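Residue numbers (this note's numbering), protein chains in the order written: chain A, 193 to 448; chain B, 3 to 336.
In this text, a Cβ means the ideal position worked out from N, Cα and C, and glycines have one as well.
Owing to the predicted nature of the structure, the values given are computational and were not obtained by experimental measurement.
Below: one structure, written as structure tokens.
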Amino acid sequence: MLPAAALPATAAAKPTITLSGSTTVAPLAALLIKKYLRVCNHCAKFKLLQGGSNIGVSDVAHGRVSIGDSSRDPQSTDPGGLVFHPIARDAICLITNNANPIANLSQTDVQTIFDGGARSWTQVNGAAITGTIDLYTRNAASGTHDAFAKLIMGSHGVASFAAQYSSNGLVEQSVARDPHGIGYVSLHFANDVHPVAYEGVACTLRNAKSGQYPAVRNLYMVTRGNAVGAVYKFIHWIRTSGAANTIVASDWVPLH
Amino acid sequence: MRSSRSRRLISGFGTWSDQRAERTLGALASTVLILILGMIVFVFAKAWPSFSHNGLAWFGPGGNVDVQLGQIFKSPSDSQHWVYTMHAWPLLYATALTTVAAVVLGVVFAVLASIFIVEFAPPFMRTVLDPVVRLLAAVPSVVYGLIGILVLVPFVGNHVISPHEQSSVAYVVQLTGASLIVAVVILTVMITPIMIAIITDALRAVPTGWSEGALALGVNRWRVMWTIVVRAARPAIVAAIVLATARALGEAIMLSMVSGSVAFAPNPLDGFLFFLEPLRPLAATIVDNAEGLSVPPFAQTIYAFAAVLLVSSVALSLGGWAAKRPMRRFGVRL
Numbered sequence: 193m194l195p196a197a198a199l200p201a202t203a204a205a206k207p208t209i210t211l212s213g214s215t216t217v218a219p220l221a222a223l224l225i226k227k228y229l230r231v232c233n234h235c236a237k238f239k240l241l242q243g244g245s246n247i248g249v250s251d252v253a254h255g256r257v258s259i260g261d262s263s264r265d266p267q268s269t270d271p272g273g274l275v276f277h278p279i280a281r282d283a284i285c286l287i288t289n290n291a292n293p294i295a296n297l298s299q300t301d302v303q304t305i306f307d308g309g310a311r312s313w314t315q316v317n318g319a320a321i322t323g324t325i326d327l328y329t330r331n332a333a334s335g336t337h338d339a340f341a342k343l344i345m346g347s348h349g350v351a352s353f354a355a356q357y358s359s360n361g362l363v364e365q366s367v368a369r370d371p372h373g374i375g376y377v378s379l380h381f382a383n384d385v386h387p388v389a390y391e392g393v394a395c396t397l398r399n400a401k402s403g404q405y406p407a408v409r410n411l412y413m414v415t416r417g418n419a420v421g422a423v424y425k426f427i428h429w430i431r432t433s434g435a436a437n438t439i440v441a442s443d444w445v446p447l448h
Numbered sequence: 003m004r005s006s007r008s009r010r011l012i013s014g015f016g017t018w019s020d021q022r023a024e025r026t027l028g029a030l031a032s033t034v035l036i037l038i039l040g041m042i043v044f045v046f047a048k049a050w051p052s053f054s055h056n057g058l059a060w061f062g063p064g065g066n067v068d069v070q071l072g073q074i075f076k077s078p079s080d081s082q083h084w085v086y087t088m089h090a091w092p093l094l095y096a097t098a099l100t101t102v103a104a105v106v107l108g109v110v111f112a113v114l115a116s117i118f119i120v121e122f123a124p125p126f127m128r129t130v131l132d133p134v135v136r137l138l139a140a141v142p143s144v145v146y147g148l149i150g151i152l153v154l155v156p157f158v159g160n161h162v163i164s165p166h167e168q169s170s171v172a173y174v175v176q177l178t179g180a181s182l183i184v185a186v187v188i189l190t191v192m193i194t195p196i197m198i199a200i201i202t203d204a205l206r207a208v209p210t211g212w213s214e215g216a217l218a219l220g221v222n223r224w225r226v227m228w229t230i231v232v233r234a235a236r237p238a239i240v241a242a243i244v245l246a247t248a249r250a251l252g253e254a255i256m257l258s259m260v261s262g263s264v265a266f267a268p269n270p271l272d273g274f275l276f277f278l279e280p281l282r283p284l285a286a287t288i289v290d291n292a293e294g295l296s297v298p299p300f301a302q303t304i305y306a307f308a309a310v311l312l313v314s315s316v317a318l319s320l321g322g323w324a325a326k327r328p329m330r331r332f333g334v335r336l
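In structure tokens, the structure reads:
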């Protein structure tokens with residue numbers, strides 16, 4: 193759960209920047225903050241909290257934090273006046289059990305599998321097993337689900353009988369333990385499972401960076417109104433400096 | 003003057019008059035009541051739009067809860083057009099099903115185990131069992147959830163359910179191993195130690211004169227336990243059931259991990275498959291969707307789930323109190 197967020201201090205000498213939100217963005221934000229303090233120690237103090245994309249958006253909209261982290265795009269229900277600053281990109285991998293190392297899935301394949309059109313692995317090209325397909329998805333409020341639905345499913349809905357979990361980790365664990373399973377997770381979570389190539393491109397950091405891998409989403413820092421003062425300086429540093437770019441490139445996909 | 007003051011400071015609470023103690027403690031106790039009342043009012047105020055838009059249909063079946071939750075989450079920003087449609091029957095049914103099944107299984111097991119611990123167990127076993135039961139009662143539910151998702155769910159999915167069974171219902175529901183049976187088994191394991199702890203205390207509190215009288219008349223130990231001691235401890239058994247039911251009702255994390263996380267209503271007419279079908283109780287739905295609280299109509303729907311749970315636990319306490327009243331006359335109070 194989200195600990196109580198401290199209000200941004202207004203002390204002119206060393207302003208405090210508070211962040212909350214996406215668990216996908218949090219590790220990246222932590223690394224960026226560490227580097228930023230080394231570059232400019234007197235610029236600001238930081239407090240980093242997690243809680244999920246929607247928590248971040250809601251916190252920043254209510255003025256509880258200075259920056260909300262979000263791994264999903266802006267949406268119609270968001271409060272007005274928010275500015276989404278993209279800071280990095282992140283790939284979404286399709287994963288299957290190691291017993292079922294499918295070489296490749298096209299967008300049409302994925303859509304037929306996840307909307308419930310195909311229910312048996314024998315209907316899927318390249319499947320190493322037979323039997324029923326078990327779908328592992330995320331619930332409606334998830335940023336990863338939002339990206340999956342937009343980037344891959346398009347107008348197709350996800351089948352209503354699909355299991356819905358509340359974190360990347362639970363989806364990964366479930367697929368790792370179910371030979372018939374298929375799911376989708378953020379690139380960092382594709383560890384004990386088989387990452388399936390999508391549209392002929394393997395789901396790797398390198399392919400995501402080169403722009404070949406198509407299912408890539410933005411990670412954002414969100415502010416209420418345009419960023420000003422220390423917050424502006426921090427976000428501007430992330431988006432423009434070489435040092436920040438190096439950090440992003442270590443495990444995520446840089447914007448440029 | 004000064005010395006009397008420092009004496010008062012040193013003796014502190016010890017010098018309170020009864021009147022003062024009564025007022026202070028009364029104020030503390032009332033604070034708890036006010037907090038509970040405030041919480042109920044708050045949850046209902048938040049939940050009201052969800053109930054008022056759906057009326058009684060909120061509690062009925064119809065459509066798919068997960069699809070409805072998705073539509074509520076994607077409501078337009080204009081509050082005139084917020085979506086509220088929710089037919090929560092599968093969630094209510096799943097909550098009732100897991101809770102009742104686990105409590106029924108648990109209470110049978112707990113009563114029999116308590117009789118053994120109190121009357122039949124050799125002393126060395128008793129000294130081991132007592133602390134172990136109390137330890138089990140305190141294990142955090144997420145630990146049970148981990149064991150469930152890492153061990154039991156894959157076992158049921160890979161060895162109990164046949165591929166034929168999976169494919170026979172593939173277009174309706176997926177049988178992955180996360181199921182009613184796993185949820186009930188783990189829930190039973192979670193709540194039974196609490197019941198055993200309470201019931202053993204109650205059995206021991208039954209005056210020994212009562213059982214000795216029966217033993218002197220030549221009744222055997224099992225009959226004494228069953229007809230006198232357990233009978234006298236009935237109010238405590240009801241209290242144990244109430245506590246265990248409350249824990250089962252509110253269990254969220256473990257159930258969200260092992261129950262299959264899909265709003266499906268298992269159908270008893272499916273025979274054996276009924277036990278292998280997934281479901282998702284109310285409390286698990288709340289934790290799974292807590293991330294979406296920033297969308298107002300979605301939050302109101304989640305609060306409506308919470309309101310139903312709150313009312314159930316209040317009803318549970320009242321029901322327990324009503325059930326215990328007639329038993330009190332010949333029973334042991336606890």
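Here the C-alpha atom of A/H428 lies approximately 50 angstroms from the C-alpha atom of B/V313. Per DSSP, the continuous beta strand (DSSP E) segment holding A/Q356 begins and ends at A355 to Y357.
DSSP, read as helix, strand or coil, puts A/N296 in strand. Taking one beta carbon from each stretch, the region 234-242 of chain A and the region 379-399 of chain A have fewer than 3 pairs nearer than 8 angstroms; the two do not touch. Here A/R330 carries a strand assignment [DSSP, helix/strand/coil]. The three-state reading of DSSP puts A/A280 in strand, counting E and B together.
Membership of A/N410 in the beta strand (DSSP E) is indicated by the continuous run V408 to R416. For A/P387, the uninterrupted beta strand (DSSP E) segment begins and ends at H386 to Y390. Within chain A, the residues N331, A332, S352 and Q356 have their CB atoms less than 8 angstroms from the CB of B/D68, given in chain order.
Between B/G252 and chain A, the shortest Cβ-Cβ separation is not below 8 angstroms. Counting C-beta pairs closer than 8 angstroms gives three or more between the region 253-267 of chain A and the region 413-429 of chain A, which meets the contact rule.
The DSSP-derived three-state label of A/K206 is coil. For A/V377, the uninterrupted beta strand (DSSP E) run begins and ends at G373 to S378, by DSSP. Legend: CB atoms of the region 289-310 of chain A lying less than 9 angstroms from CB atoms of chain B belong to residues G308. Close CB contacts of A/D270 within its chain, under the 8 angstroms cut and outside five residues either way in sequence, are with V249 and A253 (chain order). Looking at B/V221, B/L217 and B/T210, the one whose alpha-carbon comes closest to that of B/A234 is B/T210.
The DSSP assignment places complete alpha helix (DSSP H) segments of no fewer than 4 residues inside the region 123-177 of chain B at 125-139, 143-149 and 165-170, in order along the chain.
In the assembly as shown, B/I151 is a buried residue. Its beta-carbon has 16 or more other beta-carbons within 10 Å. Judged by beta-carbon spacing, B/N56 lies beyond the 8 angstroms limit of B/Y95, meaning their Cβ atoms are not closer than that value.
At a C-beta separation below 9 angstroms, A/V231 has no neighbours in chain B, since its nearest C-beta there lies roughly 33 angstroms away. Here the region 190-198 of chain B makes contact with the region 133-140 of chain B; the two share three or more CB pairs at distances below 8 angstroms.
In summary, B/A301 is buried, with 16 or more beta-carbon neighbours lying within 10 Å of its beta-carbon over all protein chains present. Distance between B/S296 and B/R128, taken at the CA atoms: about 52 angstroms. With fewer than 16 other beta carbons inside 10 angstroms of its own, B/Y173 counts as exposed. Restricting attention to alpha helix (DSSP H) runs no shorter than 4 residues, the region 222-267 of chain A encloses them at 245-253, ordered along the chain.
When the beta-carbon positions are compared, B/I117 and B/V244 stay at least 8 angstroms from each other. Annotation for B/M41: the continuous alpha helix (DSSP H) segment containing it runs D20 to N56. Of all residues in the region 161-175 of chain B, only P165, Q168, S169, A172, Y173, V174 and V175 place a beta-carbon less than 8 angstroms from a beta-carbon of chain A. With a cutoff of 8 angstroms on beta-carbon distance, B/V289 and A/S378 are scored as not near each other. Judged by DSSP in its simplified three-state form, A/S433 adopts coil rather than helix or strand. For B/S81, the closest Cβ of chain A is not nearer than 8 angstroms.
Within the DSSP secondary-structure output, A/S212 pairs in a beta bridge with A/G260. Put simply, the CB of B/P280 is near chain A, with a gap under 8 angstroms to one of its CB atoms. Ranked by how close their Cα comes to the Cα of B/H83, the residues B/A90, B/H89 and B/F75 have B/F75 in first place. Annotation for B/W60: no alpha helix (DSSP H) segment contains it, and DSSP assigns it neither H nor E. Taking C-alpha positions only, B/V145 is separated from A/S347 by approximately 39 angstroms.
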